[in-house]
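Here this note's numbering is used: position 642 in the sequence shown is 1386, and no number is missing along the way.
First comes the structure, then the notes that go with it.
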Amino acid sequence: MRLTLQIIVAALFFASSNSAPALAAGPEQADAATAWRLLDYIAVDYAEAVSEGAITSRGEYDEMVEFSQSANERIADLPLTTAKPDLVRLADRLKRAIADKAPADKVAELARTLGREVLLAYPVSLAPSAMPNFSRTATLYAQQCASCHGPSGGGDGSLAAGLDPPPAAFSDFSRARQRSVFSLYQVINQGIGGTAMASFAQLDSADQWALAFYVGAFSFSKADARRGEKIWNAEPNLRRRFSNLETLTQITPAQLAQEIGEEKARALAAFLRKMPEKTTTSRAEGLDIARARLRASVSAYDSGDRDGASDLALSAYLDGFEPLEPMLAVRDAGLLTQIESSMGALRAAIGRGATTAEVRLQASELVELFDQADNVLEREAGDWVSSFVGSFTISLREGLEALLIVVAMTAFLRKAGRPEGIRYVHAGWVAALAGGAATWFAATRLIAVSGASRELTEGFGSLLAAAVLVSVGIWMHSKSQAGEWQRYIQKTMSRALSRGSSWFLFGLAFLVVYREVFETILFYAALWTERNAGAVLAGAGTAIMFLAAIAWAMLRYSRKLPIGKLLNYSAILIAILAVVLIGKGIAGLQEAGMVGITPWPFVPRIEMLGIFPASQPLIAQFLLIVIIAFGFWRNIRGNDPLPHKPQEKNS
C-alpha cells in the first residue's frame, strides 16, 4: 500500500514539475516579429508617400525604402527553412515595387501577404497568454505615452512639436482602421528605428498588451462601442468568429469591414478593443494553444529541429487539447477519437523522420479537426441532456470497472469464511473516494494539474493495478482447481487474517477504485464548467443507482455459486480487467510522451476495452495475455491428479 501511494504521488509530482515546453521565443522570433512590424508599417503608410506613381512626401517615401530594405535584411537573416526562399523572393518583389513607385494597393497587398507568410514560417506570439489586467493601463499611458501622443491619443503631447517625424495620432480613424492590436503591441515592444518611438520592452508583456488595446481604442467613440455590444449580443456567428484573443489581435478594422461592412466593423472593433475579455473562454484558449503549438512544431521540424518539433507537438496535446477532452467526449466522442488518432499520427511522423510536406499535411488536418471541435463545443442546444448522458455514462463506465473488483473480493472473502476482511475492502474504496475528493480540491484550488500530470497518473496507476490484478487473478485461478481450495482452507482456516493480508486487501481496493475516481473527476471538472450542475448530479445519481443494483445482483448470485466456479469466474474477470488496464496504462504514457507511438490505423479504438490503434499497447496486452495463459496452464497442470500407483504385496 505504501508503494502504491508513493508511485501515485511521485508520478503526479514528476509530471507537474516537468510539463511540456511552452512556445519559446528566440532570436528568429524577434527577427520575424521585427520584419512583420516593418511590413505592417509599409502596408499602412505607403499610401501617404506615393500617389499615381509620384512621390507625395519625400520623408515618408525615404522611410518606406528604408523599411523595405530593413525587412529584406531581417528575412535574409532568418534560419533556413523550405519556406525561406519564397519569403526572400517576395521581399525582393516588395522592394522593387516601392522603388518603382507602384500603386498603394499593390504594395499594401504585397506587404501584408509577406507579413502573413513570415508569421506562418516563423511563429511568434500573436496574442497575450492570458487576459491583461487593465486596472493600471490609463496610469501607464499617462506616465509613458501622453507626453508625445497626447492625453487623448491625438499626437499632440507636450513634446510632440519638437519631434520629426511627429508621433502617431491614435485618434485618427483613417490610420487606426489599418492597425491591428498585434501591430501596436509590436511597436510598443520593439520601438521604431529612426524615430522618437523607443522600445518599452522593460514593461511586463501583459502591460504592453494592455497598452496596445488601450491605444487601439482611442479612435472609437463610446457610441461606437455601445452599437458594437448590441451587434455582439445579437449575432452568434460573430461571437464564434471572435472566439479567441488571437483572432481579435490580428485583424484590422479595414479587414473586418471587408467581411461585415464598414459601420458594423467600426462598432464591433470599438466594443471588442474596449472589452477584449468578451472573446475569451477556456475552450477557445485551449484550442488556440494547440494551434499555436502545431504551427511552431511544423516550423521547428522544417528547420531540422526534430526534438523541438516533437516536444511542441506533445505540448499541443497536453497543454492545449487534453483539458478539453472530457467536454468533447460528451459532445462528440467520434471527433475526439479522430483528433487523438491524428495527434498520435503527427508525433509518429515526426519520430520516424517523415518529409516536411507530410508533417505539414498532418498538422493542417489537425487544425481542421480543431475547427470542428470549436464548433461542436460552441453548441449550446441540448446542454442539459448531453451533460446528463455524459455524467451517467462516465460514472457507469468508470464505476463498473472498480465495482467488479470490489464485488469479487467481497464474494471471495465471504466464501472463504473471512468476513472480517470485508471491512478492509470497504475501507479501501471509501478511502479512494475520499482521496478523489481531496484530488478534486487540490486540482481546483491548490495546484494546477497539467495534462502530463493527468496522463502520467492514469498511466502509472493503470499499470500498477494491472500488475497486482494479474497476480491476484492467477492466484484465484490456482485455488479454483480441484482439491486446491480445500487444502487452502484447511491450511489457513485456523489462523486469523494477518496484518499484511489486511493491508493488501485495503491497498488493492484503494488502488483500483482511486484509478477510476481520478479519471472520473477530470470529466466532472470539465462538465461542471458547463453550468449544468443539476444535469451532472442527476446523471451521477442515476449511475450510482444502477451500480448499486448491479452490485446487489452480483453478490446475490455469487452466494449460489460453488466456490470453485466463483474463483474461476473471478479469476477470468480480473485477468480481463488487467488486460484492459495495461492497454490504458501504455496509452496514457504515450499521451504523456513517455512511450513512443507506432500507429496501427487498421485497428479500431475501443477505449472501454483498452484497445488503441498503436503497436505498443496492443503488444503489451498480447504479452500479458500470454503471461496469464501460462499462469492458468501451470495451475491446471500442477493440479492434475497423479496416476494411480498399485501397492506392492508383502512377500
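Yeah, the Cβ is synthetic: ideal placement off N, Cα and C, and Gly gets one too.
None of the values given here were measured: they were computed from a predicted structure.
(request) May I ask you to report which of helix, strand or coil DSSP gives M745? (result) In the sequence shown, counting from the first residue as 1, residue 745 sits at position 1. Summary for M745: the model assigns pLDDT 36, below 50, so the residue's position carries little reliability, and this model does not support an answer.
(request) Could you please give the first and the last residue of the uninterrupted alpha helix (DSSP H) stretch that includes S1054? (result) Numbered from 1 along the sequence shown, position 310 holds the residue referred to as residue 1054. Where S1054 is concerned, the enclosing alpha helix (DSSP H) starts and stops at R1050 to S1059.
(message) Does A793 come out as helix, strand or coil in the three-state DSSP assignment?
(response) If you number the sequence shown from 1, residue 793 lands on position 49. Coil.
(request) Would you give the residue range spanned by the alpha helix (DSSP H) that Q922 belongs to? (result) What you label residue 922 is simply residue 178 of the sequence shown in a count that begins at 1. Careful: Q922 lies outside any alpha helix (DSSP H) and carries neither H nor E.
(request) Using three-state DSSP, classify I1233 as helix, strand or coil. (result) The residue labelled residue 1233 in the question sits at position 489 within the sequence shown. Because the pLDDT of I1233 is 47, which lies under 50, any placement of that residue in the model is unreliable, and the number read from its coordinates should be weighed accordingly. Collapsing the DSSP output to three states places I1233 in a helix.
(message) Considering only DSSP beta bridges, list what I799 is partnered with.
(response) Your numbering for residue 799 matches position 55 in the sequence shown. Note: I799 is bridge-paired with V794 in the DSSP secondary-structure output.
(request) Specify the secondary structure class of I995 as computed by DSSP and reduced to three states. (result) Taking the first residue of the sequence shown as position 1, residue 995 is located at position 251. DSSP places I995 in coil when its eight states are reduced to three.
(message) Counting C-beta neighbours from all protein chains within 10 Å, is the total for Y1301 16 or more, i.e. buried, or is it exposed?
(response) Walking along the sequence shown from the start, residue 1301 turns up at place 557. For Y1301, the number of other beta carbons within 10 angstroms of its own is below 16, and it is reported as exposed.
(message) Comparing C-alpha positions only, which one of L1000, R1037 and L903 sits nearest to L1110?
(response) As a working mapping, residue 1110 is identified with position 366 in the sequence shown. Ranking the options by Cα distance to L1110, first place goes to R1037.
(request) For the alpha helix (DSSP H) holding N877, just list the boundary residues, first then last. (result) Sequence index remark: in the sequence shown, residue 877 carries index 133 (1-based). Looking at the DSSP string, N877 is not in any alpha helix (DSSP H), and its letter there is neither H nor E.
(message) Do P823 and R1039 count as a contact pair if the criterion is CB distance below 7 Å?
(response) Looking up residue 1039 in the sequence shown gives position 295. Looking up residue 823 in the sequence shown gives position 79. Going by C-beta atoms, R1039 is not nearer than 7 Å to P823.
(message) Please classify V788 as buried or exposed, where buried requires at least 16 neighbouring CB atoms within 10 angstroms.
(response) As a working mapping, residue 788 is identified with position 44 in the sequence shown. With 16 or more Cβ atoms within 10 Å of its Cβ, V788 is classed as buried.
(request) Spatial neighbours of Y1168 within its chain, please: CB distance less than 7 Å, with the 5 preceding and 5 following residues excluded, ordered by chain position. (result) Position 424 of the sequence shown, counted from the first residue, corresponds to residue 1168. Closer than 7 Å at the Cβ level, and outside the excluded window around Y1168, lie S1246, L1249 and F1250.
(message) Using the Cβ count rule (16 or more neighbours within 10 Å means buried), how would you classify Q952?
(response) Counting from one through the sequence shown, the residue named residue 952 turns up at place 208. Answer is buried; the Cβ neighbour count reaches 16.
(message) Under 8 Å: do the segment 1351-1361 and the segment 1369-1378 share three or more Cβ pairs, one atom per stretch?
(response) Judged by Cβ distances under 8 Å, the segment 1351-1361 makes no contact with the segment 1369-1378, as fewer than three pairs qualify.
(request) Using 10 angstroms around the beta-carbon of A1178, count the other beta-carbons present and answer buried if the total reaches 16, otherwise exposed. (result) As a working mapping, residue 1178 is identified with position 434 in the sequence shown. Classification for A1178: exposed.
(message) Going by C-alpha to C-alpha distance, which of L1333, A1176 and I1288 sits closest to V1256?
(response) Counted from its first residue, the sequence shown places residue 1256 at position 512. Looking at the Cα atoms, A1176 is the closest of the given residues.
(request) Could you work out which residue in N1312, D1046 and I1350 is closest to G1327 when comparing CA atoms only? (result) In the sequence shown, residue 1327 corresponds to position 583, counting from 1. When the alpha-carbon of G1327 is set against those of N1312, D1046 and I1350, the nearest one is in I1350.
(message) For a quick check, are the C-beta atoms of L870 and F944 less than 7 Å apart?
(response) Working through the sequence shown from its first residue, we reach residue 870 at position 126. Working through the sequence shown from its first residue, we reach residue 944 at position 200. No, the Cβ-Cβ distance between L870 and F944 is not below 7 Å.
(request) Determine contact between the segment 913-926 and the segment 957-965, defined as no fewer than three beta-carbon pairs at a distance below 8 Å. (result) Of all C-beta pairs linking the segment 913-926 to the segment 957-965, three or more are shorter than 8 Å, placing the two stretches in contact.
(request) Can you have a look at P1345 and say buried or exposed, based on whether 16 or more other CB atoms are within 10 angstroms of its CB? (result) Start at 1 with the first residue of the sequence shown, and residue 1345 comes out as number 601. By the neighbour-count rule (16 or more Cβ atoms within 10 Å), P1345 is not buried but exposed.
(request) Pull up the DSSP beta-bridge partners for A1358, would you. (result) Locating residue 1358 in the sequence shown gives position 614, where the first residue counts as 1. Answer is P1343, bridged to A1358.
(message) For the alpha helix (DSSP H) containing Q1082, name the first residue and the last one.
(response) Residue numbering aside, residue 1082 sits at position 338 when the sequence shown is read from its first letter. Run containing Q1082: A1077 to R1096, per the alpha helix (DSSP H) assignment.
(request) Kindly confirm or deny that the segment 882-891 and the segment 804-817 touch, where touching means at least three C-beta pairs closer than 8 Å. (result) The segment 882-891 vs the segment 804-817: no contact.
(message) Helix, strand or coil for I1318? Go by DSSP, reduced to three states.
(response) Position 574 of the sequence shown, counting from 1, holds the residue named residue 1318. In the structure shown, I1318 sits in a helix (DSSP, three-state: H, G or I).
(request) Per DSSP, which residues does I1330 bridge with? Please list them. (result) Residue numbering aside, residue 1330 sits at position 586 when the sequence shown is read from its first letter. Answer is none; I1330 lacks a bridge partner.
(request) Return the first residue and the last residue of the alpha helix (DSSP H) that A957 is part of. (result) Here the question's residue 957 lines up with position 213 in the sequence shown. One point to set straight first is that residue 957 is Phe, not Ala, in the sequence displayed. Its alpha helix (DSSP H) spans residues S949 to G960.
(message) Does V1174 pass the burial test, meaning 16 or more other C-beta atoms within 10 Å, or should it be called exposed?
(response) For this step, residue 1174 is matched to residue 430 along the sequence shown. Label assigned to V1174: exposed.
(request) Report, in whole angstroms, the separation of the C-beta atoms of T996 and R923, which I expect to be a contact under 8 Å. (result) Locating residue 996 in the sequence shown gives position 252, where the first residue counts as 1. Locating residue 923 in the sequence shown gives position 179, where the first residue counts as 1. Contact between T996 and R923 holds: CB atoms are separated by about 6 Å, below the 8 Å threshold.
(message) With H, G and I counted as helix, E and B as strand and the rest as coil, what does DSSP make of I1371?
(response) Taking the first residue of the sequence shown as position 1, residue 1371 is located at position 627. Helix.
(message) Tell me the rounded alpha-carbon separation between E973 and M1019.
(response) Taking the sequence shown and counting its residues from 1, the one referred to as residue 973 is at position 229. Taking the sequence shown and counting its residues from 1, the one referred to as residue 1019 is at position 275. Those two C-alpha atoms are separated by around 9 Å.
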